[in-house]
Amino acid sequence: MNRRARLNRLRVLRYALPRRMIEKATRARLAGDWRGACAAAWCDAGPELDAAPAEVEGDLRHLVPDLLRWHVPRISEGDVSILGHRVLVLARYGDAALYVRTPLKAEAPQRLRLCLGPPPLGAPAEDGLPLHGEDWTGLRHLWDARHAGELLARRFGGDRAPFLRPDGTPLGEDELPGRCPGHDDPVAHAEWVTRLQEQGQEQLGAAYRCLGLDRLGGRAYDPEEMWDLTRLMREPALDLYAFARALREWHARGAERVRISMLWADAAVTLDGMRVEYGPSDAFAGLPSVPEAVWHKLPDLELLRTGLATPEDLHPLVRDALCPARPPAGGPVGPPGPEPPAPVTIRCQGEEHEIAVRDGRLVTPHSPEELQRERALRAFGGTSVACLAVLDAWSTGEGKLPPKLREIRLDLFRRMEAGDTDGVLALLDAGFDPRVRDARRRTLLHHVHHMDHRVLLPRLLAAGLDVNAEDGAGRTPLMLAVSDHGSPDVVRALLEAGARVDVADVLGNTLSVLIRGRGDLGFLAERLPRDEGRADR
Numbered sequence: 013m014n015r016r017a018r019l020n021r022l023r024v025l026r027y028a029l030p031r032r033m034i035e036k037a038t039r040a041r042l043a044g045d046w047r048g049a050c051a052a053a054w055c056d057a058g059p060e061l062d063a064a065p066a067e068v069e070g071d072l073r074h075l076v077p078d079l080l081r082w083h084v085p086r087i088s089e090g091d092v093s094i095l096g097h098r099v100l101v102l103a104r105y106g107d108a109a110l111y112v113r114t115p116l117k118a119e120a121p122q123r124l125r126l127c128l129g130p131p132p133l134g135a136p137a138e139d140g141l142p143l144h145g146e147d148w149t150g151l152r153h154l155w156d157a158r159h160a161g162e163l164l165a166r167r168f169g170g171d172r173a174p175f176l177r178p179d180g181t182p183l184g185e186d187e188l189p190g191r192c193p194g195h196d197d198p199v200a201h202a203e204w205v206t207r208l209q210e211q212g213q214e215q216l217g218a219a220y221r222c223l224g225l226d227r228l229g230g231r232a233y234d235p236e237e238m239w240d241l242t243r244l245m246r247e248p249a250l251d252l253y254a255f256a257r258a259l260r261e262w263h264a265r266g267a268e269r270v271r272i273s274m275l276w277a278d279a280a281v282t283l284d285g286m287r288v289e290y291g292p293s294d295a296f297a298g299l300p301s302v303p304e305a306v307w308h309k310l311p312d313l314e315l316l317r318t319g320l321a322t323p324e325d326l327h328p329l330v331r332d333a334l335c336p337a338r339p340p341a342g343g344p345v346g347p348p349g350p351e352p353p354a355p356v357t358i359r360c361q362g363e364e365h366e367i368a369v370r371d372g373r374l375v376t377p378h379s380p381e382e383l384q385r386e387r388a389l390r391a392f393g394g395t396s397v398a399c400l401a402v403l404d405a406w407s408t409g410e411g412k413l414p415p416k417l418r419e420i421r422l423d424l425f426r427r428m429e430a431g432d433t434d435g436v437l438a439l440l441d442a443g444f445d446p447r448v449r450d451a452r453r454r455t456l457l458h459h460v461h462h463m464d465h466r467v468l469l470p471r472l473l474a475a476g477l478d479v480n481a482e483d484g485a486g487r488t489p490l491m492l493a494v495s496d497h498g499s500p501d502v503v504r505a506l507l508e509a510g511a512r513v514d515v516a517d518v519l520g521n522t523l524s525v526l527i528r529g530r531g532d533l534g535f536l537a538e539r540l541p542r543d544e545g546r547a548d549r
């Protein structure tokens with residue numbers, strides 16, 4: 013994992029699992045309220061769980077939904093969006109299973125759904141696309157409080173994490189192995205293989221031999237003849253040591269071929285000869301699948317190893333599992349919350365001007381009268397001051413912002429997309445401007461379907477935001493809530509706030525088009541004008 017990927021993972025840490033969510037879910041779980049824990053961790057429990065058998069109820073009491081959310085597969089490194097159309101089978105009880113469904117798409121609210129029953133593997137989802145399953149029944153350390161401390165043993169087979177001391181501090185260069193230590197020291201073995209993998213293609217042969225894949229597959233490594241395997245071993249997200257360990261485990265079970273799913277393709281690995289084929293997911297549907305959580309690099313370990321995060325930045329159970337000898341934390345544990353944005357300095361009229369987000373607006377040194385004169389001057393073809401250009405880019409989403417101010421804006425909208433209602437409210441309470449627009453010209457109302465709208469919608473309306481504002485594609489908040497699988501409750505709330513239904517985007521798509529496949533929005537369908545689904549603008 014390169015530095016950019018590690019920095020991207022920090023983004024996931026910061027936005028996908030806020031500390032306050034972990035704290036709320038933990039309090040509910042420790043009080044015996046598994047439903048409250050799920051609600052706090054944005055995990056909707058199906059009604060069928062109300063009558064769960066005793067065996068299932070026992071697992072539910074120990075379910076850590078926030079830890080589960082921590083480990084679910086993401087669309088890509090650094091993307092807070094959960095990989096859609098996944099069915100994660102947590103436990104089986106005869107023909108039934110406790111399983112989790114991920115959102116349908118990246119733009120949908122980032123909520124998980126906990127279900128009990130026969131898992132719908134391969135079945136079409138509500139949008140017609142197939143659901144892909146991952147077997148997590150052997151991965152209880154990723155969701156069960158009784159097994160969370162087994163992460164090191166299950167992943168690496170040792171009592172410390174690679175590249176770290178037992179207290180979580182990074183090892184020095186002179187403390188790492190200088191040659192292949194063999195399988196007797198699994199953690200040192202993982203360190204050596206990882207270093208070979210990071211050195212690039214010229215060391216993949218040495219890593220292949222050190223892992224014993226030549227013996228497992230009965231074939232010596234030849235980079236020209238085995239380009240398919242080389243391509244897989246060069247995958248940046250692949251933990252080569254963990255992958256090889258998984259292959260040995262599947263071989264011991266008698267498997268001849270296994271499948272792993274990556275973002276760009278699925279790969280079928282034939283253990284005899286270590287041959288790899290690539291293709292779409294349905295090409296290898298009948299093969300046993302190695303879950304991504306098994307072969308993917310452990311991002312939290314990468315962050316600790318490079319010093320980009322401390323153990324106290326991680327989920328508390330992950331911190332304790334990766335750093336078993338670390339003393340108890342002296343304060344809160346978990347990803348840090350939002351901080352009020354610091355002022356930004358730009359060059360304007362040959363001077364350094366400070367621009368700050370405070371008191372619910374973007375503030376510059378210019379008076380309202382001066383800004384009005386500058387706008388009038390620009391209307392007649394003149395050149396306006398730099399501060400005015402920044403103000404306009406901030407409020408319209410058009411034009412460029414200074415890099416630091418762009419990051420301040422991104423921080424807010426990433427929290428919106430991740431569903432961090434508490435974080436967004438904290439920023440608004442600290443004086444953030446609610447009228448800001450993102451680079452797609454979307455307002456905060458365009459993202460309200462990701463949030464707890466009961467809290468945020470009234471506040472945004474009171475701040476003067478237009479419920480019928482259009483983004484750069486001509487879509488209103490209601491159109492996005494419908495197309496991006498917002499809940500029926502948020503659709504009703506937008507309608508009650510005055511959202512229009514006779515709208516169309518720049519391509520002419522109306523709500524009659526966007527509502528297709530939304531069987532839960534019959535109340536809206538009854539209000540739509542009868543048309544062909546597209547309208548002239």
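So the mapping is simple: our numbering equals the position in the sequence shown, first residue as 1, plus 12.
Virtual Cβ for every residue (Gly too), placed ideally from N, Cα, C.
- In this structure, L252 places its C-beta atom within 9 Å of the C-beta atom of T206.
- One alpha carbon belongs to S273, the other to A165, and they sit about 24 Å apart.
- Residue state for C222 is assigned as helix, using DSSP reduced to three classes.
- Note that the C-beta distance between C127 and L75 is not below 9 Å.
- Excluding residues up to 5 positions away in sequence, S88 lie with their Cβ nearer than 7 Å to the Cβ of L275 in the same chain.
- A distance below 9 Å separates the beta carbons of A333 and A160.
- Within the stretch 443-469, no run of alpha helix (DSSP H) reaches 4 residues while sitting entirely inside it.
- Cβ contact annotation for L490 (same chain, cutoff 6 Å, sequence separation greater than five): L506 and A511, in chain order.
- Around L241, the same chain offers M286 and V288 as residues with beta carbons nearer than 6 Å, after the five sequence neighbours per side are excluded.
- When Cβ pairs closer than 8 Å are counted between the two stretches, the stretch 173-193 is seen not to touch the stretch 260-268, the count staying below three.
- Annotated three-state conformation of D107 is coil, per DSSP.
- Distances from the CA of P193 to each of E210, R81 and A218 were compared; the closest alpha carbon is that of A218.
- Between S293 and P132, the C-beta gap is not smaller than 9 Å, which leaves the two residues out of contact.
- With contacts defined by Cβ atoms closer than 9 Å, P300 and R271 form a contacting pair.
- In the DSSP annotation of this structure, R166 is not part of any beta strand (DSSP E); the continuous alpha helix (DSSP H) holding it starts and ends at L163 to R167.
- In the three-state DSSP reduction, I87 falls in the coil class, being neither helix nor strand.
- Residue range T433 to D441 is occupied by the alpha helix (DSSP H) that includes D434.
- Of all alpha-carbon atoms in L440, R471, R427 and R421, the one lying nearest the alpha-carbon of R453 is that of R421.
- Considered as a whole, the stretch 223-277 harbours 225-229, 239-245 and 252-264 as its complete alpha helix (DSSP H) runs of no fewer than 4 residues, in chain order.
- Only residues of its own chain outside the window of five on either side were considered, and among them G349 and P350 have a CB closer than 8 Å to the CB of A438, listed in chain order.
- The residue from H83, D56 and L25 with its alpha-carbon nearest to that of P303 is H83.
- For H74, the enclosing alpha helix (DSSP H) stretches over residues A66 to H74.
- A straight line joining the alpha-carbon of G486 with that of G520 spans about 9 Å.
- In the three-state reduction of the DSSP assignment, H497 falls in the coil class, being assigned neither a helical nor a strand state.
- Annotated three-state conformation of T206 is helix, per DSSP.
- Within a 10 Å sphere around the beta-carbon of D517 sit 16 or more other beta-carbons, which makes this residue buried.
- DSSP, reduced to helix, strand and coil, places T318 within a helical segment of the structure shown.
- Only exposed fits A388, as fewer than 16 other CB atoms lie within 10 angstroms of its CB.
- The C-beta distance from K412 to A405 rounds to 6 Å, short enough to fall under 8 Å.
- Inclusion of V345 and E324 in the CB contact set at 9 Å is warranted, their separation being smaller than that value.
- For I420, the three-state secondary structure derived from DSSP is helix.
- In this structure, G431 and P121 form a Cβ contact; the two beta carbons are roughly 6 Å apart against a cut-off of 8 Å.
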